[in-house]
Amino acid sequence: MFTLQHNHPLIHRTTFALPATAAHYIELTDSADLPALCQLPEYSRQTVCWLGGGSNTLFTRDYPALVVHIATRGIRQTHRADGIVHIEAQAGEMLHDFIQHTLALGLSGLENLSLIPGTVGACPVQNVGAYGVEVKDRIVSVQCFDLETQNFITLSNAQCQFGYRESLFKQQGKRRYVITAVTFALDETFTPRIHYGDLAATLAAQHGSQAPTAAQVAQAIIQIRRSKLPDPAELGNAGSFYKNPIVSAEHAARIQQQHPAMPSYPQADGSLKLAAGWLIDQCGLKGKQIGGAAVHEHQALVLVNKNHASA
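Counting in my numbering, the sequence shown runs from 50 upward without gaps.
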């Protein structure tokens, strides 16, 4: 069962570490409690805040309603056949810790997402991705509690309507579904995807021409991310959270006429993905500080809380 708390501090529940208080607060450790939670007088579907790892949430002031922190835990194998293993993780599991757990089991497929902040339950919402891999590539299904019907349901990968940093849960499913668990399909035989950005160069420097293991790819990515992104435990931030804009080939060509060095990445439909960090840097905003809030001096994609910033 859960405990309803009042006037609960939230400063340690978000990676920006801004001071705020929730009028009502519940630490949810068992998804089976969701129906009972929704019967509380403090609950309102329109105002409740479902909180995971807190890396995509910025409280601009005290929250006047109920905050529910999803803290469910549990990992289990649900299927194994033909070199593919299905692993179900509860929504409150930290994504990075879950990935390290799967690597320890000898399973691969999520290693490129190592050190991405947040929980397993949050990763389908934005279809998180890095180094050429998105979670949609590995998600089999998403288990949810439907706040409209008050039923537990399972949505297939196709039903989740994944796109670039998009999903059903950000569109028509917003405020309807609470993700309770996610099932992933992982490989027993490792096929590396290492030709993105500086990953290949890092692996070549570390291992030469020898083919890396999944664990070695994960460690290289952890090293790269730590060199670029500040640790939220030391400097409040939400990691790299800007969407890289996708534009038409014609639009990209017009920009490149003025900025020939602009990086761009072709997409399957002929459009091009631009680098948001490069664009922000060209605006001269890297290191820009207002009060205690700043654009990180080494990574333009990251906003940081340098000195007791306020929203």
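Every residue gets a Cβ at the ideal spot worked out from N, C-alpha and C, and that includes glycine.
| query | result |
| --- | --- |
| Count the other CB atoms, across all protein chains shown, that sit within 10 Å of the CB of A179; report buried if there are 16 or more and exposed otherwise. | buried |
| Where do the N-terminal and C-terminal ends of the beta strand (DSSP E) with T232 fall, by residue? | 226-236 |
| Leaving out five residues on either side along the sequence, give the residues of the same chain with a beta carbon under 8 Å from the beta carbon of L53. | H73, Y74, I75, L89, E91 |
| Please confirm whether A325 and L350 have their CB atoms less than 8 Å apart. | yes |
| Do you know whose CA, among P68, Q139, Q126, lies nearest T78's CA? | Q139 |
| List the DSSP bridge partners of E183. | G178 |
| What whole-angstrom Cβ distance do L248 and A269 have, given they're in contact under 8 Å? | 6 Å |
| Alpha carbon to alpha carbon, how far is I243 from Q199? | 43 Å |
| By the DSSP assignment, the alpha helix (DSSP H) with R110 in it spans what residues? | Looking at the DSSP string, R110 is not in any alpha helix (DSSP H), and its letter there is neither H nor E. |
| What's the gap between the Cα of A302 and the Cα of Q316? | 15 Å |
| Just checking I295 against the ligand GTP - is the residue's beta carbon closer than 7 Å to any of the ligand's heavy atoms? | Absence of the ligand GTP is noted for the structure shown, with no ligands found whatsoever. |
| Looking only at C-alpha atoms, which of I295, P294, D195 sits nearest to V227? | D195 |
| Please list the segments of the alpha helix (DSSP H) lying wholly inside the segment 108-161, counting only runs of 4 or more residues, in order along the chain. | 144-153 |
| Does the separation of the CB atoms of F233 and S157 fall below 8 Å? | no |
| Would Y112 and A71 qualify as a contact pair, given that the criterion is a beta-carbon distance under 8 Å? | yes |
| Roughly how many whole angstroms lie between the Cα atoms of Q307 and G319? | 21 Å |
| Considering Cα atoms alone, identify which of E197, A298, V184 is closest to A207. | V184 |
| Short check: CB of G102 to CB of A171, under 8 Å? | yes |
| Please list, in chain order, all residues of the same chain as I124 whose beta carbon is under 8 Å from its beta carbon, the five residues on each side excluded. | I136, E137, A138, Q139, E142, F147, H150 |
| So, for K292: in the same chain, excluding its five sequence neighbours on each side, which residues have a beta-carbon less than 8 Å away from its beta-carbon? | Y213, R214, A325 |
| Determine the closest residue to E299 out of L204, N286, S313, with distance taken between C-alpha atoms. | S313 |
| Thinking C-alpha only, which one of R110, A230, L278, C87 is nearest E197? | C87 |
| Given this structure, state the Cα-to-Cα distance separating A343 from K337, to the nearest angstrom. | 6 Å |
| Excluding the 5 residues flanking L83 on each side, which residues of the same chain have their C-beta closer than 7 Å to its C-beta? | F194, V227 |
| Who does T70 pair with in a DSSP beta bridge? | P58 |
| Taking only the alpha-carbon atoms, compute the straight-line gap between A263 and N161 and give it to the nearest angstrom. | 9 Å |
| For A249, report the span of its alpha helix (DSSP H) as first-last. | 248-256 |
| State the beta-bridge partners of L321 as determined by DSSP. | V296, P315 |
| In three-state terms, what does DSSP make of A343? | strand |
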